[in-house]
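Shown next, in structure tokens, is the structure this report addresses.
2 protein chains.
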Amino acid sequence: MKEFLRTKGFKMTPQREMIFRSFFELGEHVSVDELYDKVRSLDHSIGYSTVWRNLKLICKVGLAEEVNLGDGITRYDRVTKIPHGHLFCLTCKKLEEFPVDQLVGVLAETAGERDFTPESFKIEIKGICKDCLNKSEEEIESEEDNV
Amino acid sequence: MKEFLRTKGFKMTPQREMIFRSFFELGEHVSVDELYDKVRSLDHSIGYSTVWRNLKLICKVGLAEEVNLGDGITRYDRVTKIPHGHLFCLTCKKLEEFPVDQLVGVLAETAGERDFTPESFKIEIKGICKDCLNKSEEEIESEEDNV
DNA sequence: TTGAAATTGAAAGTCGATTTCATTTAGAAA
DNA sequence: TTTCTAAATGAAATCGACTTTCAATTTCAA
């Protein structure tokens, strides 16, 4: 990783090492605050802006990309070879993924038909996940009991 | 429109009348600032927060919905019967639309398979539009001329 | 006509994202 | 190894879009 960054003109530091490592350990859809909390638990002296800047750097060197779901929080998603869509639960804010390879093919065609050069695709479904749906049904049942 | 709002418990005012009318005249993907500018040109005394609140109201009564493209600006899109995706040009920020009826069908299936109850679908392609691509090609050509 | 509730405009507040700045550090060059 | 310059850091300030507050005004049902 040190070499990888060096070839792009960046230096390695202990903070950067820790931030990069923590980001990849946390997995998918990491927010600045989540990463900051994790890194802070390892090194209390690390600054918020350092975490933020390094998250941006991870994107700049192509290892992650921003995910924006309209809830005011920017999340960072590791770039993998496999394109995927998001299922975003409006109740518990959980994010699930699903494969979209064939859909992306259709979208690329659509773009091509309009002389549009695509750089990225975003496919999102917002709604209620199974768990939250079950919970709200239980609530309704208990309300009925109270009548 | 006055009656429509009344049935939902809202009152009509001259400002509201003007804001609603202007929103629908502006067409698709309207930002608060765009609408504020337009309304201001008609009535200089109208406040920003009034425009903002009425844009929210238009959403609340189901006539528009928020569109979030990750550039920090919330846009408001008139609700039509026809579902559509967005082509967002990263260079000129222009937003084009394309039909997605069959894609949405596929997505609804996908959600169903995961016991996820969908409320809305978002399909976006970010990239470079035809016009901007032509411009950047021209720039490259003129750079070559300079060699 | 009247009064409660909704609406308005200006200003202040919120909050995540981003920048500033003085200091420290990495690592290439001597 | 030492030196030096650009990069990186941490704290704090700033930005900017969005949202709320509050006193005054207006709507419209009774």
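As they're listed, the protein sequences go chains X and S.
Taking our numbering, I'd label the letters of the first sequence as residues 1 to 147.
Taking our numbering, I'd label the letters of the second sequence as residues 1001 to 1147.
Heads up, the beta-carbon is just placed ideally off N, CA and C, and yes, glycines get one too.
Computed from a predicted model, the values in this text were never measured in an experiment.
Cβ shell of residue i (< 6 Å), same chain only, five flanking positions each side left out
i	result
residue 1117(S)	none
residue 48(X)	36
residue 111(X)	118
Expected contact under 8 Å - CB spacing of residue i and residue j to nearest Å
i	j	result
residue 106(X)	residue 75(X)	Between residue 75(X) and residue 106(X) the Cβ distance is about 26 Å, and since that is not below 8 Å, they are no contact.
residue 95(X)	residue 86(X)	6 Å
residue 1100(S)	residue 1123(S)	5 Å
Pick from the options that is closest to residue i, judged by C-alpha positions
i	options	result
residue 18(X)	51(X), 27(X), 8(X), 4(X)	51(X)
residue 57(X)	25(X), 124(X), 5(X), 14(X)	5(X)
residue 1114(S)	129(X), 92(X), 60(X), 95(X)	129(X)
residue 1088(S)	1100(S), 1101(S), 1068(S)	1068(S)
residue 1027(S)	1002(S), 1063(S), 1077(S)	1077(S)
residue 3(X)	134(X), 43(X), 23(X), 61(X)	61(X)
residue 1020(S)	1082(S), 1009(S), 1001(S)	1001(S)
residue 15(X)	41(X), 82(X), 134(X), 135(X)	41(X)
residue 1063(S)	1023(S), 1119(S), 1045(S)	1023(S)
residue 1120(S)	1032(S), 1010(S), 1082(S)	1082(S)
Residue j beta carbon less than 8 Å from that of residue i
i	j	result
residue 1103(S)	residue 1126(S)	no
residue 66(X)	residue 79(X)	no
residue 59(X)	residue 92(X)	no
Close beta carbons around residue i, own chain, < 8 Å, minus the five adjacent residues each side
i	result
residue 147(X)	Model confidence at residue 147(X) stands at a pLDDT of 42, short of 50, so the residue's coordinates are unreliable; what they give is reported in the following sentence. The answer is none, since no qualifying residue turns up.
residue 71(X)	93
residue 1097(S)	1028, 1084, 1085, 1086, 1087
Same chain, Cβ closer than 7 Å to residue i, five either side skipped, listed in chain order
i	result
residue 1109(S)	none
residue 1012(S)	1002, 1005
residue 43(X)	18
residue 8(X)	61
residue 46(X)	15, 39, 40
Residue i beta carbon near the ligand ATP (any heavy atom closer than 7 Å)
i	result
residue 1029(S)	This structure lacks the ligand ATP, and indeed carries no ligand of any kind.
contact_flag[the region 51 to 61 of chain X, the region 22 to 41 of chain X] where n(CB pairs < 8 Å) is 3 or more: Cβ pair count under 8 Å is three or more, so yes.
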